[in-house]
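First up is the structure itself, then whatever we jot down about it.
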Amino acid sequence: MTRKESTINIERIEAGKDVATLRELLLSVEEDIKGIVGNDPLSFYLERPSQQAMEEIDNYIGLRTMILDKMFTYAPDEIERMEQVNTLLTDLRKNMYRRTCALYRTLLAHGVDKSFDDDYEVEGKLTVGVEYDSKEGDYGTVLHLENDAYYGSDFAYMLYVIANNEEERRYALGYIDNCCLRHEEGNTPDMTDKELLVVDFADLDDGTSWDECLHRDDLKHICFGYAFHSLYSHNPYSLADIVRINSFDVNVQLVCQRLTDQAGRRNKDITKDNE
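Those letters in the sequence shown? Residues 0 to 274, by numbering that gives the first Met the number 0.
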């Protein structure tokens, strides 16, 4: 059965003046997304959907974000939650950088094996950790707030779809922030975080507010950190989504690499032969 083409577009959203109309548009867009994904988004993304399907979903997600941001009330409790999320994300981002450098120092002090390893990479990622199961629900990773009915969105389902669509569509680049350290000869365990980071993005949180698209008098007291900015401006989450996300993950991983050709030559020897 062929799906009907959606009639929702930017012009209709911009023309929507009242909450009832916007809610109707929102529900229609979410039905369009569910028409592609189905009732079980976990299975849908495990089966690796086509790029075309993910791009179509992304277009609908963009419309959904536009509608929800237009509906957002900036009520005192919502602003308070924005501030809480901002504080949390700023702290998580800071500690992601700290732990990435600490893990690399541990490697430098105790784990370097020149007899086998060719290279090392330490990477930290800050991501949205929403979970969803069509039978079990969201496992507490999504908050259910008193004004959920005002928006009418299926937040748990949609947040899971957004997180997974971003990860698959952008080839695992759907993170809030990341930092990556490549091993350099001469690095020592006593080097500072700033000395170890090739590009010190940690300094992006320098006390200047990342308030792009958030210039409002009732938000002036919040110094928005880079992580909140990234989540809102670089990812397709609406403000109504962000205040409901109840799981943020920090993962720091060490990769030890051994690169060998069929003759058993290591990467450094192959490189020399090709010079």
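Note that the Cβ used here is the ideal one computed from N, Cα and C, for glycine as well.
- Assigned with DSSP and collapsed to three states, ASN177 falls in strand.
- Contact annotation: the segment 84-97 touches the segment 171-185, with at least three C-beta pairs closer than 8 Å.
- No residue range can be given for TYR131, since it is assigned to no beta strand (DSSP E) and is classified by DSSP as neither H nor E.
- Restricting attention to GLY185, LEU158, ALA74 and THR259, the CA atom closest to the CA of PHE247 is found in LEU158.
- Straight through space, the alpha carbons of LEU106 and ASP112 are spaced by roughly 9 Å.
- Between PHE115 and ALA239, the C-beta spacing is not below 7 Å.
- Between the segment 56-64 and the segment 30-42, the count of C-beta pairs closer than 8 Å reaches three or more; the two stretches touch.
- Counted as a single uninterrupted DSSP element, the stretch harbouring GLY110 is not any alpha helix (DSSP H), since DSSP gives it neither H nor E.
- CA-CA distance, GLU79 to ARG257, rounds to 49 Å.
- By the criterion of a C-beta distance shorter than 6 Å, LEU142 is surrounded in its chain by ARG243 and ASN245, once the five residues flanking it on both sides are discounted.
- For LEU125 and LEU195, the gap between their C-alpha atoms comes out near 19 Å.
- Taking the Cα positions, LYS193 is about 9 Å away from ASP202.
- Just so you know, the alpha carbons of GLU166 and PRO40 end up roughly 14 Å apart.
- The alpha-carbon of ALA226 is positioned some 46 Å away from that of ALA262.
- If the five residues before and after ALA155 are omitted, its C-beta is found closer than 6 Å to the C-beta atoms of TYR131, ASP137 and VAL141, all from its own chain and listed in chain order.
- Short of 7 Å from the beta carbon of LEU21, and not among the five residues preceding or following it, lie these beta carbons of its own chain, in chain order: GLY15, ILE66, LYS69 and MET70.
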